[in-house]
Amino acid sequence: MIIHRTAVAPEWVDYNGHLRDAYYLLIFSHASDALMDAMGLDAAGRAASGHSLFTLECHLNFLHEVKADAQLEVRVRFLALDAKRLHLHFGLHHQGQADLLAASEQLLLHVHLDGPRSAPFAPRVHDWLATRLAAQRDEPWPEHVGRVIGLPPPRP
Numbered sequence: 001m002i003i004h005r006t007a008v009a010p011e012w013v014d015y016n017g018h019l020r021d022a023y024y025l026l027i028f029s030h031a032s033d034a035l036m037d038a039m040g041l042d043a044a045g046r047a048a049s050g051h052s053l054f055t056l057e058c059h060l061n062f063l064h065e066v067k068a069d070a071q072l073e074v075r076v077r078f079l080a081l082d083a084k085r086l087h088l089h090f091g092l093h094h095q096g097q098a099d100l101l102a103a104s105e106q107l108l109l110h111v112h113l114d115g116p117r118s119a120p121f122a123p124r125v126h127d128w129l130a131t132r133l134a135a136q137r138d139e140p141w142p143e144h145v146g147r148v149i150g151l152p153p154p155r156p
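Quick note: the sequence shown, position 99, residue 99 per the numbering used here, numbers continuous.
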């Protein structure tokens, strides 16, 4: 499911002609915003309900360089859902191409902004998410989900 499209802006590019590290996360953050809009937590939905999403955890894998002027898209894969949390995977791709450029695994928390404090998803939002999760259930599990940063232990 394509959730966000963007072009690499000139100010996002470093001295090597590549997308700077921080802008990968910005692109994924904009994808989260687009997901919130799609699930009914756009500006009007947040104002009416007092609810939003907060990011609890984010893992980012840089897989291939992205150059200036690239046209990109972010695809979302829903991994798991409970009453208050959403686990998902964002994949960054050149528009219309299969190769994965970067991956971001995220855990999002639904909150009521008056605390802020965690709160269950509204039934219509939970149902929207559950429908998408079910539709993707048989897709292959993304390779970069659940990875841990580290080096192999030294050999004796």
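For glycine and all other residues, C-beta sits at the position ideal for the given N, C-alpha and C.
Supposed contact pair residue j and residue i - C-beta distance, whole angstroms, cut 8 Å
i     : j      : result
ALA70 : HIS94  : 6 Å
GLU73 : ILE2   : 5 Å
PHE54 : VAL111 : 5 Å
HIS87 : LEU100 : Rounded, the Cβ-Cβ distance is 18 Å, inconsistent with contact.
LEU81 : LEU129 : 5 Å
Secondary structure of residue i, DSSP reduced to three states
i     : result
PHE62 : strand
ALA9  : coil
ILE27 : helix
LEU19 : strand
ARG46 : helix
Nearest-angstrom Cα separation, counted from residue j out to residue i
i      : j      : result
VAL8   : LEU63  : 17 Å
LEU56  : ARG155 : 35 Å
THR6   : LEU41  : 21 Å
LEU109 : ASP138 : 25 Å
ALA98  : THR131 : 24 Å
VAL66  : TYR23  : 11 Å
ALA44  : ARG85  : 21 Å
MET36  : TYR15  : 34 Å
ARG124 : VAL13  : 40 Å
GLY115 : HIS51  : 10 Å
GLY17  : PRO10  : 9 Å
ALA126 : ALA31  : The displayed chain sequence assigns His, not Ala, to residue 126. The alpha-carbon atoms of HIS126 and ALA31 are separated by roughly 19 Å.
HIS4   : PHE90  : 10 Å
ARG75  : SER104 : 10 Å
LEU113 : PRO153 : 44 Å
PRO140 : ARG77  : 10 Å
Contact with chain D by residue i, beta-carbon distance below 8 Å
i     : result
LEU56 : The chain labelled as chain D is not found in the depicted structure, where only one protein chain is given.
Near the ligand SAH: residue i beta-carbon under 7 Å from a heavy atom
i      : result
ALA135 : Looking for the ligand SAH in the displayed structure turns up nothing, as the structure carries no ligands at all.
Per DSSP, cross-strand counterpart(s) of residue i
i     : result
LEU35 : In the DSSP output, where bridge partners are listed per residue, LEU35 has none listed.
LEU53 : HIS110
ILE3  : DSSP, once it has assigned bridges, lists no residue as partnering ILE3.
What are the complete alpha helix (DSSP H) segments, minimum 4 residues, inside the region 68-145? With a minimum length of 4 residues, the continuous alpha helix (DSSP H) runs that stay inside the region 68-145 are 123-136.
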